[in-house]
Amino acid sequence: MTAPESGPPSMKPLQWLRTLFRDPQFQEKEPTTRSLKLVAAALETFAKPNGADFFASRAQLAGPACLSETTVKRHLATLQNALYLYQVERGGRRGTRGTASTWRLTTPDQYSEWLIYDESSNGPSGRPAGKNDHGSPR
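Each residue of the sequence shown is one higher than the one before, counting from 134 in the working numbering.
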């Protein structure tokens, strides 16, 4: 598998969702886990057929999932920390207009392969988007 120039490889949305739902860390029946799965399902609806870079804002994800933007933000962070979601580019305010973040669906296995590729070939940076050398936000 050839790693892309920037970030881990993507995964097809339905395959990604099945992998995520089968992961033991997301098998609990708690309301938090259920709402996380709603956010994952909302992400899947915005994803391109190959799971590669797509745009989705917290507001866009909150609507279909019937959750607050704060809850969506928390679940996006959980998915990123679990290595199921890679933030290609951070959205935000640009003048008077806001822009959505750019996301990529991935899995812990694909993410790990990308990090190994990075270390062995001086490829792209192995840090998640928005992190500096110390792992803290830029």
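All C-beta atoms, glycine included, are put in the ideal place defined by N, C-alpha and C.
Buried versus exposed call for Gln158 [16 or more other C-beta atoms within 10 Å across all chains shown]: exposed
Other residues of its chain near Leu200: CB distance less than 6 Å, five sequence neighbours each side excluded: Ser168
Whether Thr235 touches Phe188 by CB criterion (7 Å): yes
Pro164, buried or exposed, once every other Cβ within 10 Å from all chains shown has been counted against 16: exposed
Environment of Ala210 [buried if 16+ CB atoms lie within 10 Å]: exposed
Test item: CB-CB of Gly224 and Ala233 under 7 Å: yes
For Phe187: DSSP bridge partner residues: Trp236
Rounded C-alpha distance that separates Glu222 from Met144: 18 Å
N-terminal and C-terminal residue of the beta strand (DSSP E) that Leu218 is part of: 218 to 222
Alpha-carbon spacing of Gln220 relative to Val172, whole angstroms: 15 Å
CB of Leu194 within 7 Å of CB of Val205, strictly: yes
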